[in-house]
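Visitor:
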Amino acid sequence: MTETTRRGMLKAAAAVGTASVVLRSGPAIAAAPAQSKYVPLPADAKPLPMGPDGYRLDRIGPEMYAVTAGGTQSAFVVSNRGVILLDAPPALATALPHAIGKVTSKRVTHLVYSHHHADHIAGAAAFGDIVRIAHADTARLIRADRDKARPMPTRTFTDRYSLTVGDQHLELSYPGPNHEAGNIIVHAPRQRAALMIDVVLPGWSPFSAWGTADSVPGVLRSHDVLAKLDIDTFVGGHVHRLGTPKDIKVSREFTYDLWNETRKAVAATPSTPFFGQVEPGHNWAAFKLWYDAVADKVEPVIYRKWLHRLAGVDVFTRDNIVTVATSQMLDAPKDL
Ligand SMILES: [Zn+2]
C-alpha cells in the first residue's frame, strides 16, 4: 500500500483503539502515548497488575502454577515428592524461588527445558544438581553454545517422554522443528494445562521473523497439535497473561491467514520483471523490490482483518510477510 494509505489506516485504527481504552478503563490506566505511531494494545493484551512482590502467581490447576513478570513466564507443578519446574528464565531468577516457597516447602527436584534459548533457561544453574530433561536437539544446542548458565540436560528424548514424579505425570512431546529445533510441548493432563514456549503468545501476533522461527511451517504444524489438546489453560512463555484454547485457535487462524495470503501474493507476483529494474546482476536489490511488491499486496488484507484482534499486527506483519515468502520458496512444504 502507499505510505499515505498506510498512515491513514493506522491513524483511524489508533483513534478507535484509544477511544475504547478510555471508555473501558477510565483515566487510571494510561492509553498509549499520543506520539506513539503504533496502534494501542487491545484490552486483552495489556499488562495485568503484578502482586506485591513484583510478579504474578496464577494457579492453573490443582497443583500447577504460572509465574509471570516483565513479559516472561514459566510454570511449576507440585508433586508429593518435589517440584517440577518448567523452564528457569533469568528474568524470573528472584520471582520463581519466591513463588514456589509461597506454595510449598518441597524443593525443586526436576527441571524441564522447553528449548535452548537463554531467555527461558539461563536461570537453571541456580537450582543446582537436579534432574534436567530436554529434547536431544536442545542438548546439542546447549553443548554448542557452552554457556555455564545452561547446564546440560541429564535426560533427553526425541519424540515423546512420560515424566512421572511422585503423584504427578507430565507428557512431553516434540512436534518437529518449530520456533526452534527441540522446542517441546509439555502437557499436564491432570492440571488440564499445556506449555509450549514462543509459538502461541495469547492475544498477540508473532514477533519479528515469525517469532524467530527455525521452521516457519513447523510453527503452523505446532498450532495444529496444540489445537487438539483437551486443556483449559495454556502457558506461552511471554506477554502478560495466560492463554486458553480460544487463544490457540485465534493464533492458528492468524498464522494460517498470513501464510495463505502470502502464498496468493507470491503466486501473483513473478520475480523476473524486478531484475530488469536494477543494476544487472544486483540480485539482492531485485529480491528486495519483489519482497516489497508481495508485502504491499498482503499487508492491507491482514490489517483489515486483524489490526484490532491481536496486539502488534502493525509492528511486525510486514517483516513476517517477508519471512513467510522466503519460507515458501525454501521450505516449500507440500502439506500446508
Ligand atoms: Zn525461544
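Quick note, the sequence shown lines up with residues -30 to -1, 1 to 306 if you use mature numbering (1 follows the signal peptide of the UniProt record, and there is no 0). Glycine included, C-beta positions come from ideal geometry on N, C-alpha and C.
Any idea if residue 249 is buried or exposed, counting beta-carbon neighbours within 10 angstroms, 16 or more meaning buried?
Guide: Of the other Cβ atoms in all chains shown, fewer than 16 fall within 10 Å of the Cβ of residue 249; this residue is therefore exposed.
Visitor: Taking 6 Å as the cut-off, is the C-beta of residue 168 nearer than that to any heavy atom in ligand 1?
Guide: Flag set: Cβ of residue 168 near ligand 1.
Visitor: Just how far apart, CA to CA, sit residue 26 and residue 221?
Guide: 24 Å
Visitor: Could you compute how far the alpha carbon of residue 18 sits from the alpha carbon of residue 40?
Guide: 10 Å
Visitor: Specify, as a first and last residue, the run of the alpha helix (DSSP H) that residue 299 falls within.
Guide: 283 to 300
Visitor: Using a threshold of 7 Å, state whether the C-beta atoms of residue 161 and residue 70 are closer than that.
Guide: In this structure, residue 161 sits away from residue 70, with a CB-CB distance that is not shorter than 7 Å.
Visitor: Say the cut is 6 Å; is the CB of residue 193 nearer than that to a heavy atom of ligand 1?
Guide: no
Visitor: Can you give me the start and stop residues for the beta strand (DSSP E) that residue 131 sits inside?
Guide: Residues 130 to 135.
Visitor: Taking the alpha carbon of residue 283 as the point to measure from, which residue in 95, 106, 224 has its own alpha carbon closest?
Guide: 224
Visitor: Mapping the DSSP letters down to three states, classify residue 231 as helix, strand or coil.
Guide: helix
Visitor: Taking residue 178 as part of the alpha helix (DSSP H), name the residues at either end of that continuous run.
Guide: Per DSSP, residue 178 is one residue of the alpha helix (DSSP H) stretching across 178 to 182.
Visitor: Taking residue 206 and residue 43 to be in contact with their CB atoms under 8 Å, please state how far apart those CB atoms are, rounded to whole angstroms.
Guide: 7 Å
Visitor: Express the C-alpha separation of residue 126 and residue 140 in angstroms, rounding to a whole number.
Guide: In this model, residue 140 and residue 126 are separated by some 15 Å (Cα to Cα).
Visitor: Start and end of the alpha helix (DSSP H) containing residue 191?
Guide: 186 to 197
Visitor: What three-state label does DSSP hand residue 68 in the structure shown?
Guide: helix
Visitor: What distance in whole Å lies between the Cβ atoms of residue 275 and residue 227, which are believed to be in contact at a cut-off of 8 Å?
Guide: Correct: roughly 7 Å between the Cβ atoms.
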